[in-house]
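Trainee: Would you mind keeping the following structure in view while I ask a few things?
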Amino acid sequence: VILQMFEILLATIAIIVIPSIIGYILPTENTKPITRWLLSILFIGTLYTVFHGFGLPKISLIVTIFVLIAIGLYRLIQQRRSKIILKKFSIDSMLIIAVIAVLGLITWSNVLNNLFLEWDAVAIWLSKARDIYNWKEFAGITIVNYPNLGTGLWAYAMDFSSFIDALGRLIFPTVFIALAGGLLEQKIHTIKELRLKVLVSFIVLGLFIFFIHPGVWNGYQDILLGSVAAYSALLLSNSFNSLISLTQKKWDIAVGMALLGSVYLIKNEGLFLILIILFSYLVALIVQKRKRLRYLIKGNRGFVFRSAFILVLPAVLWTLILVTNKIDPGQIQGEAFSIRGVLAIGEKLDHIKPIAKALVVQTWLFLPVILLAMVTTLISFRLRFLRSLNIFFWLVIILHTAFISFAFLATNADISWHIGTAFSRLINQHQLFYIMLIVINFVAILELSNRKEEK
Amino acid sequence: VNISLKNVAVILISLACLLFIIARFQLFIDTAKNIYGVLTTTFEERKAAAYKELEYGYIKYIYDKLPDKTIFPTTRYPLYLQNAKIHFSDELVITKDIVLALNMDQKDFETNVIGNMDLVEGSTWSLKTYFDYDTFEGLSLSAENCSADIIELKITMYSTFKSTEPTTSMIKSIPCVENQPINVFLDEPIGEFSFGRGDSAFKFIIESDFDTTWKKIEALGIKVNVKEYTLINKDGKNHTYLKNSFIDIIGDEDDEEWTKFLSDITNV
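Here the protein sequences line up with chains A and B, keeping their order. Residues in the first sequence are numbered from 608 upward in steps of one, following the numbering used here. Residues in the second sequence are numbered from 279 upward in steps of one, following the numbering used here.
Encoded structure:
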């Protein structure tokens, strides 16, 4: 038992401490700690994917990570000298840490105590993680055309602790918790009164506790995908906020694009969520600026090009890895989906009834949160920057729901089986957007009321 | 947005979140249990508890003692094959020299009825086994009416209804006694008989030289055939069998590590 405490400590260092140190490479004045952590951990996962995919020796990866740790430590020491960190430690940080601690205790204790994994998690994701841990030749790993970021991270956490799958699996709830922390990190400083800060922290805690389901810790990748996608949308939505400086907005867009791009390295179907988020964001941007897209791009060509490059880089790297290893990059799913299946959708209209039933069930289960999101949207919709944000998030929810329904309409697999095994997991991918809507709208209502009171 | 609207929002959302937390109160109780579990048990103990159905703890006990870590014993369960190997490593090579019969009773190693046959038409019968059986040994036939004391029986078996090549065929003379089961055994029992079959049926053509109608026909077989094996370890309903030829090789080669393995785990 004492040995396992030491192993858990090592895993904590791998999952929390190392990415936090590496995060200091990023400019701290623009990037908040949780965002830095998330970017760093995803970067580590990308490094695992790339080094393994291109057949580079594992030692070169380990050396690269240690070099990154060294640079991060150097930057950290530099900043400690200028006492930047101490200045930033405040009541806000304490509230964020408190929320993270409660969610961490709930999810980590579950991962560490309940070691049962569902079949796909064992046969696909853990198997892939083990292959990467053992640095097995890329072409020979389990379901080679499924991307490796999540499983690379699983392998990373096991590499830096010990070969116990639960220690690697801690990564997934941690990214989910990072979204809760990130949401507070982005919004709590705008609230002046302490009691309201506490209230918002309590609300974030309550909403995330309500969301918690076995998918948070059971080894499936959907929670990682949903959390990263939501975090990217959270950063992108900062561009609608007039109180944020242009430099900060641009930085948030760049980081948001990096996070969004990495979604493709988590699961193949992440591509559709990326396209949906991107499309919804552009629509909301056009609504807010009241300009056509080409006028928005005009004058920002360099920035748009760089952001687009960051967004597509992970997909390009993954395609290159597949091509280098002579794997067909066009084969993105198993037998369940095919072009022929999509074209034959007219013959599958009997799928509509079970899909509608599944949608009703999922809506019913999450109804209180959906209703709260609707109410807060209605209250705040007359505010211009919140209008764009609401359009953005609601479009993501609606389009993603439509996409999932369409995917099940086109499936070649038995519809009852397919809905039973995958529907709720896929719907969960966008449910975090409801929580973000509630929190952001609520904080804006509080902030605005305070301003009125001050006047 | 006016102040009263703000207050409404505060009250509404706070109440809702409070209700969310109360609704998920079980989560906090589970958390306390989980923390207690982590503080008082090891990873391996918890994994064995999580995969009790797979008898992970027993498999791990045997696997840890194997001198060769590149192999994995054949694991057999009461109903169907479950992939226990995946919890250790995909790379391992499954060996038939060591068989772990998990959660099984003595009857699972003996000849038993493994399925009832259904009449399809004329002399065609179907047999669904559903679960895994090593050996098909023969049939138990109960005649409804006998037109002779001794009848000649021709049994032809196909692995499916689509198969054109019979798996086995035999002709036997058997005594015919009404309403009394007569067992007919194949000269050569069929090994690796039924694995992962689900409800896919075997086809049987059962013909006799006299007009005999059958009241009931059952298939006889063995779930886990350990006739060429020796039981070396038993823990409750979990058994470890080693192939006799493998034990001979260990003895002949005087392999120190395997001899130690044998002495470490032998308890019967």
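Quick reminder that beta carbons are idealized off the backbone N, C-alpha and C, glycines included.
Going straight from the alpha carbon of A/Q1038 to that of A/I928, what length do you get?
Mentor: 32 Å
Trainee: Using only the alpha-carbon positions, how far apart do A/I904 and A/I884 sit?
Mentor: Using only the alpha carbons, I get a separation of about 18 Å.
Trainee: Work out the CA separation of A/D727 and A/G1027 for me, nearest whole Å.
Mentor: Their backbone Cα atoms lie some 14 Å apart in a straight line.
Trainee: Just the Cα atoms here: how many angstroms apart are A/G822 and A/L645?
Mentor: 20 Å
Trainee: To the nearest angstrom, how far is the alpha carbon of B/I429 from that of B/E534?
Mentor: Looking at the backbone, the Cα of B/I429 and that of B/E534 are separated by about 58 Å.
Trainee: Can you tell me which of B/N381, B/D342 and B/D375 puts its alpha carbon nearest to the alpha carbon of B/I527?
Mentor: B/D375
Trainee: In terms of residue numbering, what span does the alpha helix (DSSP H) encompassing A/S834 cover?
Mentor: D829 to S844
Trainee: Can you tell me where the alpha helix (DSSP H) with B/E534 in it begins and where it stops?
Mentor: E534 to I543
Trainee: Give me the Cβ distance between A/N720 and B/N312, rounded to the nearest whole Å; I'm assuming they're in contact under 8 Å.
Mentor: 4 Å
Trainee: Would A/N1063 and A/G660 be called neighbours here (beta carbons separated by less than 9 Å)?
Mentor: In this structure chain A extends from 608 to 1062, so residue 1063 of chain A is not present and cannot be described.
Trainee: Does B/V288 come within less than 9 Å of chain A when only Cβ atoms are used?
Mentor: For B/V288, the answer is yes, since a Cβ of chain A falls inside 9 Å of its Cβ.
Trainee: When Cβ atoms are compared, which residues of the region 706–727 of chain A fall closer than 7 Å to chain B?
Mentor: L712, I713, S716, N717, L719, N720, N721, L722 and F723
Trainee: If B/A326 sits next to B/G335, beta carbons under 8 Å apart, how far is it from one beta carbon to the other, in whole angstroms?
Mentor: 3 Å
Trainee: Looking at the unbroken beta strand (DSSP E) that takes in B/T480, where does it start and where does it end?
Mentor: The sequence as given places Phe at residue 480 of chain B; Thr does not occur at that position. First-last of the beta strand (DSSP E) with B/F480: F480 to S486.
Trainee: Measuring only the C-alpha atoms, how far is B/M382 from A/I934?
Mentor: If I take the Cα positions, the gap works out to 44 Å.
Trainee: Could you check if A/M701 is buried or exposed, using at least 16 other CB atoms within 10 Å of its CB as the buried criterion?
Mentor: exposed
Trainee: Compare the C-beta of A/E614 with all C-beta atoms of chain B and state if any pair is closer than 9 Å.
Mentor: yes
Trainee: Taking only the alpha-carbon atoms, compute the straight-line gap between A/F886 and B/T407 and give it to the nearest angstrom.
Mentor: 54 Å
Trainee: What would DSSP say about A/G822, mapped onto helix, strand or coil?
Mentor: Three-state result, A/G822: helix.
Trainee: Which word fits A/V835, buried or exposed, when buried means at least 16 other C-beta atoms lie within 10 angstroms of its C-beta?
Mentor: buried
Trainee: Quick check on DSSP: helix, strand or coil for A/S716?
Mentor: Helix at A/S716.
Trainee: Tell me the rounded alpha-carbon separation between B/K432 and B/D477.
Mentor: 25 Å
Trainee: Can you give the beta carbon distance from A/Q793 to A/F847, rounded, assuming they're within the 8 Å contact cut?
Mentor: So it is not a contact: roughly 13 Å between Cβ atoms.
Trainee: Only counting the same chain, and skipping five residues up and downstream in sequence, which positions put a Cβ closer than 7 Å to that of A/K665?
Mentor: W742
Trainee: Quick check: is the beta carbon of A/F817 nearer than 9 Å to any beta carbon in chain B?
Mentor: yes
Trainee: Would the beta-carbon of A/L710 fall within 9 Å of that of A/F815?
Mentor: yes
Trainee: With distance defined between alpha-carbon atoms, name the residue in A/L866, A/G953, A/G906 and A/N1048 nearest to A/L918.
Mentor: If we check each option's Cα against that of A/L918, A/L866 comes out closest.
Trainee: Which first and last residues belong to the beta strand (DSSP E) in which B/E415 is found?
Mentor: T413 to N423
Trainee: Can you say whether B/E415 is buried or exposed, counting buried as having 16 or more other CB atoms within 10 angstroms of its CB?
Mentor: buried
Trainee: Using the C-alpha atoms, what's the distance from A/Q828 back to A/I731?
Mentor: 11 Å
Trainee: Classify B/T353: buried if its beta carbon has 16 or more other beta carbons within 10 angstroms, exposed otherwise.
Mentor: buried
Trainee: Determine, for A/N741, whether the minimum Cβ-Cβ distance to residues of chain B falls below 9 Å.
Mentor: yes
Trainee: Give, in chain order, every unbroken run of the alpha helix (DSSP H) that is at least 4 residues long and sits entirely within the region 624–701 of chain A.
Mentor: 625–629, 640–660, 665–688 and 691–695
Trainee: Excluding sequence positions up to five away, which residues of its chain have a Cβ less than 6 Å from the Cβ of B/F488?
Mentor: Within the same chain, B/F488 has close Cβ partners S425, A426 and I429.
Trainee: Return the Cβ separation of A/F1013 and A/H1025 in integer angstroms, given the expectation that the two are a contact with Cβ distance under 8 Å.
Mentor: Rounded, the Cβ-Cβ distance is 13 Å, inconsistent with contact.
Trainee: Tell me which residues share the same chain as A/E1054 and place their Cβ nearer than 7 Å to its Cβ, disregarding the 5 neighbours each side in the sequence.
Mentor: For A/E1054, where only same-chain residues beyond five positions count, the Cβ hits under 7 Å are T797 and I798.
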